[in-house]
Amino acid sequence: MNKKIVRISALFVLVSACAFAQKKGVVLPVTNELDEVVISDSKFALPKEKSGKVIVKITSEDLKKRPGQSIAEVLSTVAGVEVNGNQSSPGKNLSYYIRGGRNRQTLILIDGVPVTDASGINLDYDLRLIPVQQVESIEIMKGAASTLYGSGAATGVINITLKKAEKKAVAGNVYMSLGTQTDAKDKDYSVQDNNQGFSFNGRTEKFNYFASLNSTETTGISEARPALDTDTFEADSFSRVNGLVKFGFTPTKKLSFDFFANYDRLKNDFDAASFVDNANNFNKSEQYRVGFSPKYTYNKGELIVNTAASLMNRASFSGSLTDYKSRNVNVDAFNKYQIASELFIVTGAQFQFFDMSINGLYSQLSDEVAKFNLIDPYVTAVYNSDFGLNINTGARLNVHSKYGSNFVYNINPSFSFSEIPLKLITSYSTAYITPSLYQLYDGFSGNLDLTPEKNSTLEAGFELGLLDEKLNINSVAFYREQNNTIGYVSSYINVEGKNNVRGVETMFSYILSDKLRLNGNYTFTQFEEALTFSQRIPKHKANASVDYQPTIRTFFNISYQYVDQRADAFYDSNFAAVPVTLDSYQLLNATARYELIKNRMTVFATATNILNEDFYEVIGYTTRGRNFKLGLNINL
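If you want this note's numbering, it's the 1-based position in the sequence shown plus 17.
Listed below in structure tokens is the structure:
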């Protein structure tokens, strides 16, 4: 019997014995969710029990109880989500896989506004730019969501809500942490990870404000891993600075205006390739974002206009310097109208503009050439009956300046039984993904004949609450069909035929007492053998944790993660692709948190990869071994 079977069997014996895991799909404590609301599946606040999706909601309280983790590390414990690179050097680029999809099929929102790097190959967003200390909550909605969110929302949406002003006139927060940064072999436990920042905010009857600044510096390990244990590679550094300002004005109870501006700077060293060191390569990214969002509430509805503009400057040095510049403008106006007590309709229209330029020794591209825009009208209807039936359905027409019109739709019925705490859910959704500017216009690999990918997702499952909601179980099975896949063979091409992905996501939670909670989840993902982009996606993945809060000020957590074998490949010295199978691995982590002064001062300590597991996330690149972190948080 191999290790994989032993580990999975042992985990599920524990699951069966304790009946645990997490209704929210992430290994975090479960609170009373009767009043919890979600917004991702309608763009407006909706009671979670009336939603037809199993939406993962990571709250601010959840994040407080997981100090020292990055956004990527938090997301990696969500059922159905794999964030490859979260255990590697902090400068390692991240890959997001939701239900077997890739970065370009996952849409990232910040405060409801799509964010992207229009100069990137995948038209995606770099989550390394955001410090978790600026985040209030995160929602993850899995499945095709192009009806509400347009191109890119093919396998899921990650909606990040940033912190806002508290109810006090003046409030503030100061924090810092120090940690080690070492791999499984070196075991250098000197302090090489520093994170610090502060925020201040306040609210009066008509005004509110929030401002924060964060700085992170890390070194200690090389991005690439030596092929021989006798070799030594130089440490690659990572630094980040983030500034955020928000301002709100509420002249009347019905009308409000919100403004934001933020600056993010990231710089990291990177190596030449798998198993290949380089002392000179570096990336530098600077992001500027501004936005304005008026909101008007009237007798039977709400009208919101989200506007935002972003500028991304990137410089990459690898033998020579190449500069990338991209711009993105987004205007999304949508209205909720309550037709009846059981029925409301959301109508909206979204405009997006993208352009990019490249200036380098070997590549030149003008933003006068590399640009496109989209105009999308859409409609969604939500029906919540008084006898348990809920229906969410909608349609969207994407009008692309290059590709013309694409039509997508969704139907999402669910039914809650009044006699038993059971809800049945099902949905069918379609989605599309337009090629990126880079895939179209790059002088070496671009292809102007590319056409959009098309996706459809069918899912069905249930949610069950027992023992006065102390035991919560949900499970969803999905089947995703992908057509016209964009691939790469010397240039970007459309791959003929259909590709299928199927899987199951199961989540549980069991509250033993007000002090002890057991949590966990399991994900099964099955690809067609022909899918080359299934690399690095495990067939089996499981998370488990125990939360223990002996006093109101003291909190302990032990968490476990199992990741199955994955396929990968690297290029050897002859530039030939060498396929490999990455071994499965397991991680054991622990956290302790204590309030020295109630609601004022908190200290925490974390230990990650306690077993000092030596593994690969990406072949030829270093992963972190056993590491420790200490931190302090002060509320003013």
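Beta carbons are placed, not taken as given, at the ideal position from N, Cα and C, and that holds for glycine.
To which residues of the same chain is residue i closer than 7 Å at the C-beta, ignoring the five residues directly before and after it?
i, result
"residue 260", "230, 279, 280"
Quick check on the DSSP output: the beta strand (DSSP E) that includes residue i runs from which residue to which?
i, result
"residue 388", "388-401"
"residue 245", "Careful: residue 245 lies outside any beta strand (DSSP E) and carries neither H nor E."
"residue 195", "188-197"
"residue 624", "618-625"
"residue 220", "208-220"
"residue 178", "173-179"
"residue 648", "644-652"
"residue 152", "152-159"
Could you have a look at residue i and say whether DSSP puts it in helix, strand or coil?
i, result
"residue 43", "Residue confidence for residue 43 is low, a pLDDT of 39 falling below 50, so the modelled location carries little weight; the figure read from the coordinates is stated next. Note: residue 43 maps to coil in three-state DSSP."
"residue 467", "coil"
"residue 363", "strand"
"residue 498", "strand"
"residue 458", "helix"
"residue 445", "strand"
"residue 492", "strand"
"residue 236", "coil"
"residue 184", "coil"
"residue 414", "strand"
"residue 144", "helix"
"residue 120", "helix"
"residue 5", "In the structure displayed, the chain extends from 18 to 653; residue 5 sits before or after that span and is not available."
"residue 451", "coil"
"residue 635", "coil"
"residue 53", "coil"
"residue 615", "coil"
"residue 223", "coil"
"residue 66", "helix"
"residue 149", "helix"
Which word fits residue i, buried or exposed, when buried means at least 16 other C-beta atoms lie within 10 angstroms of its C-beta?
i, result
"residue 321", "buried"
"residue 316", "exposed"
"residue 504", "exposed"
"residue 424", "exposed"
"residue 171", "buried"
"residue 569", "exposed"
"residue 204", "exposed"
"residue 308", "buried"
"residue 532", "exposed"
"residue 436", "exposed"
"residue 449", "buried"
"residue 527", "buried"
"residue 12", "Nothing can be reported for residue 12, as the shown portion of the chain is limited to 18 through 653."
"residue 379", "exposed"
"residue 175", "buried"
"residue 613", "exposed"
"residue 404", "exposed"
"residue 593", "exposed"
"residue 598", "exposed"
"residue 296", "exposed"
For residue i, I'd like the list of residues in its chain whose CB is within less than 6 Å of its CB, leaving aside the five on either flank, ordered along the chain.
i, result
"residue 622", "609, 647"
"residue 310", "275, 323"
"residue 629", "201, 642, 643"
"residue 41", "With a pLDDT of only 38 at residue 41, under the threshold of 50, the placement of this residue in the model should not be trusted, and no figure is reported."
"residue 514", "none"
"residue 369", "347, 391"
"residue 69", "407, 409, 429, 431, 442"
"residue 263", "227, 277"
"residue 510", "504"
"residue 625", "606, 644"
"residue 132", "125, 142"
"residue 285", "108, 255, 300"
"residue 212", "194, 233"
Using C-beta distances below 8 Å, list every residue in its chain close to residue i, excluding the 5 sequence neighbours before and after it, in chain order.
i, result
"residue 292", "241, 242, 243, 244, 587, 637"
"residue 603", "24, 577, 578, 579, 580, 628, 630"
"residue 290", "241, 587, 588, 637"
"residue 381", "375, 460"
"residue 453", "121, 135, 137, 138, 139, 140"
"residue 32", "Model confidence at residue 32 stands at a pLDDT of 35, short of 50, so the residue's coordinates are unreliable; what they give is reported in the following sentence. These residues qualify, in order along the chain: 38, 525, 537, 539, 561."
"residue 552", "583, 584, 585, 586"
Along the alpha helix (DSSP H) that carries residue i, what are the first and last residues, could you check?
i, result
"residue 431", "From DSSP, residue 431 is part of no alpha helix (DSSP H) but of the beta strand (DSSP E) over 421-433."
"residue 165", "163-166"
Please indicate yes or no: does the CB of residue i lie closer than 8 Å to some heavy atom of the ligand SAM?
i, result
"residue 131", "You won't find the ligand SAM in this model; it holds no ligand whatsoever."
* Going along the chain, which unbroken runs of the alpha helix (DSSP H) with 4 or more residues stay wholly within the stretch 71-113? -> 77-81, 88-92
* Mind listing, in chain order, the continuous beta strand (DSSP E) runs of no fewer than 3 residues lying wholly within the stretch 256-328? => 272-286, 299-315
* Taking the runs of the beta strand (DSSP E) that are 3 residues or longer, which of them lie wholly in the stretch 528-612? -> 533-544, 557-568, 571-580, 583-588, 594-599
* Residue ranges of each beta strand (DSSP E) within the stretch 338-384, 3 or longer -> 338-357, 360-377
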